[in-house]
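To start, the structure under review is shown below, and the notes come after it.
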Amino acid sequence: MGKYDPLGGYLRRLKTDSVDLGFAEIERILGAMLPKSAQRPQWWANQIDPQGRHVQTRAWREAGYDAFPEAGAERVRFVRRQV
Numbered sequence: 110m111g112k113y114d115p116l117g118g119y120l121r122r123l124k125t126d127s128v129d130l131g132f133a134e135i136e137r138i139l140g141a142m143l144p145k146s147a148q149r150p151q152w153w154a155n156q157i158d159p160q161g162r163h164v165q166t167r168a169w170r171e172a173g174y175d176a177f178p179e180a181g182a183e184r185v186r187f188v189r190r191q192v
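Residues 110 to 192 in our numbering are what the sequence shown spells out, letter by letter.
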């Protein structure tokens, strides 16, 4: 299991189209700390990197969500993608 799989599982179980999570909540879901680079909006990019460097993106994208960080707030809104 990948480090970010618990986040993907959490999002898959949601019945809502969006959810706001603080970094502390995400860390509880993961059972691990987010890296310092999560402070940067680029870390939350919604494009899956073909080289696999951004493994975190795969977790929310495969769950059907896009991530939108709140600048300077240590919060992220996950919004269900329209298919």
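Backbone N, C-alpha and C define an ideal beta-carbon position, used for all residues, glycine too. If you're wondering where the values come from, they're calculated on a predicted model, not measured in any experiment.
Residue i by DSSP, collapsed to three states: which one?
{"i": "Gly181", "result": "coil"}
{"i": "Asp129", "result": "strand"}
Starting from the C-beta of residue i, find all residues in its chain whose C-beta is less than 6 Å away, skip the five residues before and the five after it, and write them out in chain order.
{"i": "Asp175", "result": "Asn155, Val188 and Arg190"}
{"i": "Gln165", "result": "Tyr113"}
{"i": "Phe132", "result": "Leu143 and Glu183"}
Measure the CB-CB distance between residue i and residue j and report whether it falls below 9 Å.
{"i": "Leu130", "j": "Arg184", "result": "yes"}
{"i": "Pro178", "j": "Trp152", "result": "yes"}
{"i": "Arg55", "j": "Ala172", "result": "In the structure displayed, the chain extends from 110 to 192; residue 55 sits before or after that span and is not available."}
{"i": "Gly111", "j": "Ala147", "result": "no"}
My assumption, with CB atoms under 8 Å, is that residue i sits in contact with residue j. Please give the rounded CB distance.
{"i": "Arg170", "j": "Ser127", "result": "That belief does not hold up - the Cβ atoms of Arg170 and Ser127 are roughly 15 Å apart, past 8 Å."}
{"i": "Pro150", "j": "Ala180", "result": "7 Å"}
Tell me which same chain residues have a C-beta within less than 8 Å of the C-beta of residue i, skipping the five on either side of it?
{"i": "Ile135", "result": "Leu116, Leu143 and Val185"}
{"i": "Gly118", "result": "Ala172"}
{"i": "Ile157", "result": "His163, Thr166, Arg167 and Arg170"}
Checklist entry - Can you give, in chain order, each stretch of the alpha helix (DSSP H) that sits fully within the segment 134-191 and has at least 4 residues? => result You should have 164-171.
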